[in-house]
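To keep things clear, I will list the structure first and then write my remarks on it.
There are 2 protein chains.
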Amino acid sequence: MISKKMEQLGKKSSVIREIFEYGKRRKAEIGAENVFDFSLGNPSIPAPPEFGAALLELIEKSDPTALHGYTSAAGDLSVRARIAENINSRFSAGASAEQIYMTCGAAASLTISLSALINEGDEVILLAPFFPEYRVFCEKAGAVVRVVSCREPDFLPRAEDLSAAINEKTKAIIINSPNNPTGVIIPKEKMAEIAALLSKKGEEFGTDIYIIADEPYRELSYGMEVPYIPNLYDNTVVCYSFSKSLSLPGERIGYIFVSPRAKDSADLFAAVCGAGRALGFVCAPSLMQYAVGKCIGLTSDIELYRQNRDLLFGALMDIGYSAVYPDGAFYLFLRAPGGDAPAFCEKAKKYELLLVPGDSFGGEGYVRISYCVSREQIERSLPAFKELYKDCMGEK
Amino acid sequence: MISKKMEQLGKKSSVIREIFEYGKRRKAEIGAENVFDFSLGNPSIPAPPEFGAALLELIEKSDPTALHGYTSAAGDLSVRARIAENINSRFSAGASAEQIYMTCGAAASLTISLSALINEGDEVILLAPFFPEYRVFCEKAGAVVRVVSCREPDFLPRAEDLSAAINEKTKAIIINSPNNPTGVIIPKEKMAEIAALLSKKGEEFGTDIYIIADEPYRELSYGMEVPYIPNLYDNTVVCYSFSKSLSLPGERIGYIFVSPRAKDSADLFAAVCGAGRALGFVCAPSLMQYAVGKCIGLTSDIELYRQNRDLLFGALMDIGYSAVYPDGAFYLFLRAPGGDAPAFCEKAKKYELLLVPGDSFGGEGYVRISYCVSREQIERSLPAFKELYKDCMGEK
Chain A
42 MISKKMEQLG KKSSVIREIF EYGKRRKAEI GAENVFDFSL GNPSIPAPPE FGAALLELIE
102 KSDPTALHGY TSAAGDLSVR ARIAENINSR FSAGASAEQI YMTCGAAASL TISLSALINE
162 GDEVILLAPF FPEYRVFCEK AGAVVRVVSC REPDFLPRAE DLSAAINEKT KAIIINSPNN
222 PTGVIIPKEK MAEIAALLSK KGEEFGTDIY IIADEPYREL SYGMEVPYIP NLYDNTVVCY
282 SFSKSLSLPG ERIGYIFVSP RAKDSADLFA AVCGAGRALG FVCAPSLMQY AVGKCIGLTS
342 DIELYRQNRD LLFGALMDIG YSAVYPDGAF YLFLRAPGGD APAFCEKAKK YELLLVPGDS
402 FGGEGYVRIS YCVSREQIER SLPAFKELYK DCMGEK
Chain B
42 MISKKMEQLG KKSSVIREIF EYGKRRKAEI GAENVFDFSL GNPSIPAPPE FGAALLELIE
102 KSDPTALHGY TSAAGDLSVR ARIAENINSR FSAGASAEQI YMTCGAAASL TISLSALINE
162 GDEVILLAPF FPEYRVFCEK AGAVVRVVSC REPDFLPRAE DLSAAINEKT KAIIINSPNN
222 PTGVIIPKEK MAEIAALLSK KGEEFGTDIY IIADEPYREL SYGMEVPYIP NLYDNTVVCY
282 SFSKSLSLPG ERIGYIFVSP RAKDSADLFA AVCGAGRALG FVCAPSLMQY AVGKCIGLTS
342 DIELYRQNRD LLFGALMDIG YSAVYPDGAF YLFLRAPGGD APAFCEKAKK YELLLVPGDS
402 FGGEGYVRIS YCVSREQIER SLPAFKELYK DCMGEK
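Going line by line, the protein sequences match chains A and B.
The numbers in the first sequence follow the numbering used here, run straight up by one, and end at 437.
The numbers in the second sequence follow the numbering used here, run straight up by one, and end at 437.
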């Protein structure tokens, strides 16, 4: 018998993927321009031109055996040094190349970090709503998931809920700010409160509790500061990805930063290296390492996402919908009129609107709208959102 | 407490890596041209020019959001179709795109396949000598490793040894042909014998035993046919990589082919998808998927490795060394004069020869020589090999 767990995981395609497949069929039927697909978090803004130029230069000017050869398992040292330098110039976090481990993107950053930290049966706290794959990654690493619900008005965790969820088995909490699916950024005071609580509980239980800071959306903030967690809490592992900041989701390139202030930081970094090795990662794709190394500090034209956010949020609120204001990422978490998100999403299909129910994110009653789409799609979709709202209100 | 297992794995750098690091220091001391480094399996022959051209064309002519965007989790369908077509044109294996899962290289192919197959406590048979990471991958997937030793004169497994190692817990055997570190190719008759034995034992125990065919060296054969295992045994999963065939080890690009003749093939493929997802692979690097898709059937100039093999093998035998003749890969497994491989490798350092003891491969008494180096390095190293031999024979 093969692994039934893995088989089921492979067969149970995610809700997002199902809607995406429906969208593909529907676009073939009525034309792509007539389907308003807000289902996927696939960056719509191209990589900055410097990135393409960096790729071309590398390919044209490098010895191919070096360019496409193995880097050290943790990544090319000069690239890691440039990343550390960037972290320090922005956040004064005392980073050095020796604490940076290059990965095949955010998912790899997470599975490697979890595998480095978790002993079978340890608990990991997830703040709902959360990216559904977190649960898959945690369980594969042998962890037990504990969910703490965040709700309106701000979708921030309440100290008493978090406190109640922590026990002697708590090994880590995944913090995702800016958040997928709400777009919420955890303000500095709230992060400091969480940090203080984790420290207190760690002392109380005589344990080390780690924050895994999942930061693929760090650069997608439209004005609000995104607190740098290693500066607020010592036991922090940052999982970063260039997927959204440089619009390279398919290239699978990111890094793990083990804070030098984490307990036994060097041992933890060794465990990250060991986990990467055991999971089969060898090294992050070499050409992409060198290319992002030449583009550290650059981003795609994030301003376009801000404009999308402003346009869509404003228009939807005008229609009568409600949602928490998203300060970052490229998601809007809309309250489903009537409260039944799957039913609302089904109804939305009648208007060719593809939205994702929040249920699989642990956000029942809400739908996720990915606004990493063209401005034109948003503009053209607004009458459909209006009709849908009327339909929900019984005005049709 | 973090995962001590992962920490140790990260700290215990492999023997190969240690020698590599020694080589780096030594090259800095006396000049790279004076160190004869035969330690690493890093292709020395560049990717074919068509590969660089494919990369440039993709970058110059594609929409960057599509080029660098997510592909489907199993990989771009047209690339998978081209791979299936190539498999069929060469081996008539009845492959279709739906059985091909694109991976981040051979290591990922292995960890994903193992995770798809293994239930905690299942056994996996390794044929020694074997690539040391096999053990790491198997144990991480929850498998118990059983080693079957292959020895001279041919380094092929003997039926009675293999038979004795199979029990009701045997889930898989990893077959690596051409082999790292011996360079041996398993001939068709021997593969058929292994297949028949696995079938018989599977019937006897009422179990399904799978062959995981690890084939990064498939294209590196210097005349001898490398039997295509799915044509000899139904329950086969092929783990392929373009690292050696196209000289792209750093780019991490390969695939898994689940034979359509494997039992419940579609379920197994689903398990592969589930395992890839749970381990954090998302999709194989997109640019590399498209680029290898344009180069299916091409290889680097493998003839140069054959010339290296002929030169080095001939010269070493003339000196007096002995080794099994390597029909493929770019390794030569030399009998250590005196029988103590680590001591022989230490002595070799005096002559600036960097060789890897076979011990960590489960091949005590032998050393691995990677001849994926320049012809010039081989030519210049021969006097050193001669002096080393004299030293071992007490002639110095």
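We treat Cβ as the ideally placed atom computed from N, Cα and C, and that holds for glycine.
query                                                                                                                       : result
8 Å Cβ cutoff met for V408 of chain B and L375 of chain B                                                                   : yes
Residue-level contact to chain B via CB, S119 of chain A, 8 Å cutoff                                                        : no
Residue from B:E74, B:I166, B:A95 and B:I71 whose Cα sits closest to the Cα of K335 of chain B                              : B:A95
Secondary structure of I141 of chain B, DSSP reduced to three states                                                        : strand
Cutoff 8 Å: Q348 of chain A Cβ touching any chain B Cβ                                                                      : no
G403 of chain A versus F196 of chain B - alpha carbon distance                                                              : 55 Å
Chain B within 8 Å of K335 of chain A, Cβ atoms only                                                                        : no
Where the beta strand (DSSP E) through V299 of chain A begins and ends                                                      : G295 to V299
Cβ-heavy atom distance, V397 of chain A to the ligand COA, below 7 Å                                                        : This structure lacks the ligand COA; in fact it carries no ligand of any kind.
Close beta carbons around S327 of chain B, own chain, < 8 Å, minus the five adjacent residues each side                     : L108, H109, G110, Y111, T112 and D117
Distance between Y274 of chain A and K128 of chain A (C-alpha atoms, nearest Å)                                             : Reading off the sequence, residue 128 of chain A comes out as Ile, not Lys. Cα-Cα distance, rounded: 16 Å.
Segments assigned alpha helix (DSSP H), at least 4 residues, entirely inside the stretch 77-155 of chain A                  : 90-102, 105-108 and 118-132
C-beta neighbour in chain B for P87 of chain A, strict 8 Å                                                                  : yes
Length of the line joining the Cα atoms of A382 of chain A and G399 of chain A                                              : 7 Å
Cβ neighbours of A157 of chain B in the same chain (closer than 6 Å, five flanking residues each side left out)             : A312, V313 and A316
Inter-residue CB distance, S262 of chain B and D432 of chain B (contact presumed, cutoff 8 Å)                               : Contact flag wrong, Cβ pair sits at about 34 Å.
Stretch pair the stretch 67-87 of chain B + the stretch 88-102 of chain A: three plus CB contacts closer than 8 Å           : no
DSSP state of V414 of chain B mapped onto helix, strand, coil                                                               : coil
Contact with chain B by R293 of chain A, beta-carbon distance below 8 Å                                                     : yes
Close-in-space but distant-in-sequence residues of the same chain around Y281 of chain B (CB under 6 Å, 5 per side omitted) : E256, G295 and Y296
Continuous alpha helix (DSSP H) assignments of at least 4 residues falling wholly in the stretch 287-336 of chain A         : 306-320 and 327-334
For G291 of chain A, the nearest candidate out of B:D163, B:F322 and B:Y412 (CA to CA)                                      : B:F322
Contacting residues, own chain, Cβ-Cβ under 7 Å from L320 of chain B (five flanking each side not counted)                  : T152, I153 and S156
Proximity below 8 Å, CB of T223 of chain B to CB of I250 of chain B                                                         : no
C-beta neighbour in chain A for L320 of chain B, strict 8 Å                                                                 : yes
Whole-angstrom distance between G361 of chain A and S286 of chain B, CA atom to CA atom                                     : 59 Å
DSSP-derived helix/strand/coil call for V255 of chain B                                                                     : The question names Val, yet the displayed sequence has Asp at residue 255 of chain B. The answer is strand: DSSP assigns D255 of chain B an E or B state.
Where M47 of chain B falls, given that 16 or more other Cβ within 10 Å makes a residue buried                               : buried
E48 of chain B - DSSP class collapsed to helix/strand/coil                                                                  : helix
Those residues which DSSP pairs with A364 of chain A across a bridge                                                        : A:L375
8 Å Cβ cutoff met for F171 of chain B and N208 of chain B                                                                   : no
Contacts of N83 of chain A in chain B (Cβ-Cβ under 9 Å)                                                                     : T106, G110 and Y111
CB contact below 8 Å: E74 of chain B versus chain A                                                                         : no
Proximal chain B residues relative to S327 of chain A, where beta-carbon distance stays under 9 Å                           : L289, P290, G291, E292 and R293
CB-CB length for I214 of chain A against I159 of chain A, believed under 8 Å                                                : Not really, about 13 Å apart at Cβ, beyond 8 Å.
Span of the alpha helix (DSSP H), counted from its first residue to its last, around Y175 of chain B                        : E174 to K181
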